[in-house]
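See structure below.
Residue numbers (our numbering), protein chains in the order written: chain V, 571 to 809; chain X, 571 to 809.
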């Protein structure tokens, strides 16, 4: 059974303001819900349309009707599962060898893909500017495919963060050196900019090394998608 | 002025069936519409909410009201421009040095990103299986950012296509050789599989070379997004 106040709470968690107020976020879909339950992230409450069919050891599952689920779901076609989890508290210190810094990435699908890429390439920490889309946004979570449980995502004023680091700071710029010819160190910071505006002036001045991903042929396309560029750069740092 | 039958036609073009029947497709948004008008793709008819503000040499622009536009637009917030274009006829022969083959890519955003990547890396021809999402789907067009005008996209039975080629055929597989250690030739075919199922058995048997994108660390993530994997592989073929 789900009471009215709970439905109201779950629905409110579609908004960042209420996620931060309550320290909770929502995950939908059986596979991802299970992955989050089996991670270090703590479960608040799990709801299912057919709770008797769920066999998760030591996890109590509460009943929710299809009608109630469609009221609170962010999906067009809700699929029977909705889990409410506590937003994890992160260690202040960042220990990843390479750190990815996002300077205002706006598109939830891009952020989700980038989190998944960091998981693949063993980059355990992402530092996001305060303007970057919230990682507990439902569309981000859909795109991460569970990688959110294995990557730490810190929201900070990135100029202050970059001001204190002793690591080399890499960013991509039109006039940068080809990443193919650059020998990248074992530790460093890689900055990715906003979809339309790239890396901001405020952040660009902290870059110690300017890189570029070379185009091929006589293409006139303006830029790579930020998630595509991240894929190539993370592949290069692990070369 | 836009007549009722035209509105009906434009709306119908949201469906692949009617796009193929009429040989027409729809592009929205000023920047992309202009890019398509200035390409080899032929304009059928251009509509704008404020046609008097448009200054495109030799292009007649027809008036459409905001209400009419919202009836036929595929966007939540239509932005004043809608162009109807002829689907281009492609040369039978494919002359690109590298050819990308898509074996059932389903997500429109992924296909759009892949087309944009091909444009960046000078891969001028994509061969899509008949199960691959249609490239004139509005969500694909939104993601291509105009690259659709510079990349030829062929829909074919890809087993027949692969059966006739003399080029080496590369595909990514869990047990493939690391792409970092592989020396790729100047010409070839790269196959990318479906988001969930990867490369189908029917197509896998045509692969002469099996590649893998190496993971890093002890990550347990299952796979890279197909567009992310394409970014890395196209970067590698142009190394």
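Built from N, CA and C at the ideal position, the CB exists for glycine as well.
Which residues in the same chain as residue i place their Cβ atom closer than 7 Å to its Cβ, once the five residues preceding and following it in sequence are excluded?
i	result
residue 638/X	572 and 577
residue 750/V	784
residue 676/X	703, 764 and 765
Excluding five sequence neighbours on each side, which residues of the same chain lie with their C-beta closer than 8 Å to the C-beta of residue i?
i	result
residue 664/V	695, 697, 722 and 724
residue 629/V	607, 613 and 616
residue 809/X	754
residue 581/V	641 and 642
residue 720/V	609, 689 and 694
residue 631/V	616, 617, 618, 621 and 624
For residue i, which option in the options has the closest C-alpha, if you only look at C-alpha atoms?
i	options	result
residue 644/V	706/V, 614/V, 684/V and 630/V	706/V
residue 709/X	588/X, 596/X, 795/X and 582/X	596/X
residue 635/V	718/V, 600/V, 620/V and 763/V	620/V
residue 735/X	746/X, 750/X and 759/X	759/X
residue 752/X	779/X, 726/X, 704/X and 743/X	779/X
residue 680/X	713/V, 802/V, 775/V and 809/V	713/V
residue 653/X	586/X, 633/X and 769/X	633/X
residue 762/X	772/X, 742/X and 746/X	742/X
residue 744/X	579/X, 727/X, 717/X and 784/X	784/X
residue 701/V	658/V, 764/V and 686/V	764/V
residue 770/X	795/X, 748/X, 699/X and 804/X	699/X
residue 746/V	774/V, 720/V and 733/V	774/V
residue 766/X	687/X, 686/X, 660/X and 795/X	795/X
residue 687/X	806/V, 651/V, 787/V and 737/V	787/V
residue 611/X	646/X, 656/X, 585/X and 797/X	656/X
residue 672/X	807/X, 717/X and 797/X	797/X
residue 662/X	670/X, 726/X, 647/X and 738/X	726/X
residue 793/V	717/X, 793/X and 768/X	717/X
Taking residue i as the query, report the chain V residues whose CB atoms sit under 8 Å from its CB, ordered along the chain.
i	result
residue 791/X	686, 689, 690, 715, 716, 717 and 720
residue 794/X	686, 687, 690 and 801
Pull up the CB-CB distance for residue i and residue j, whole angstroms please, since I reckon it's below 8 Å.
i	j	result
residue 684/V	residue 800/V	5 Å
residue 777/V	residue 731/V	So it is not a contact: roughly 14 Å between Cβ atoms.
residue 668/X	residue 757/X	6 Å
residue 642/V	residue 678/V	That pair is no contact at about 19 Å.
residue 602/V	residue 715/V	7 Å
Within its chain, find whatever has a CB closer than 6 Å to the CB of residue i; leave out the 5 residues flanking it on each side and keep chain order.
i	result
residue 589/X	583, 595 and 706
residue 649/X	599
residue 772/X	729
residue 802/V	783
residue 682/V	710, 713 and 714
residue 586/X	704
Just to make sure I have the definition right: I need the residues of chain X whose C-beta is within less than 8 Å of the C-beta of residue i. Which are they?
i	result
residue 802/V	801, 802 and 805
Since residue i meets chain X, which of its residues come closer than 9 Å, beta carbon to beta carbon?
i	result
residue 582/V	Those within 9 Å of residue 582/V in chain X number zero; the least Cβ separation is about 22 Å.
residue 797/V	683, 795, 797, 798 and 801
Applying a beta-carbon distance threshold of less than 7 Å, which residues of chain V neighbour residue i?
i	result
residue 786/X	691, 692 and 808
Interface residues of chain X around residue i at Cβ under 7 Å?
i	result
residue 679/V	679
residue 750/V	809
Check the Cβ of residue i against every Cβ in chain B and list those closer than 7 Å, keeping chain order.
i	result
residue 742/V	As a matter of chain content, chain B is missing from the structure shown, whose protein chains are V and X.
Mind pulling the beta strand (DSSP E) runs of 3 or more residues that sit fully within the region 704-750 of chain X?
Counting whole runs of 3 or more residues, the region 704-750 of chain X contains the beta strand (DSSP E) stretches 722-725 and 739-748.
Counting only runs of 3+ residues fully inside the region 631-673 of chain V, write out the beta strand (DSSP E) ranges in chain order.
Runs found: 631-633, 651-656 and 668-673.
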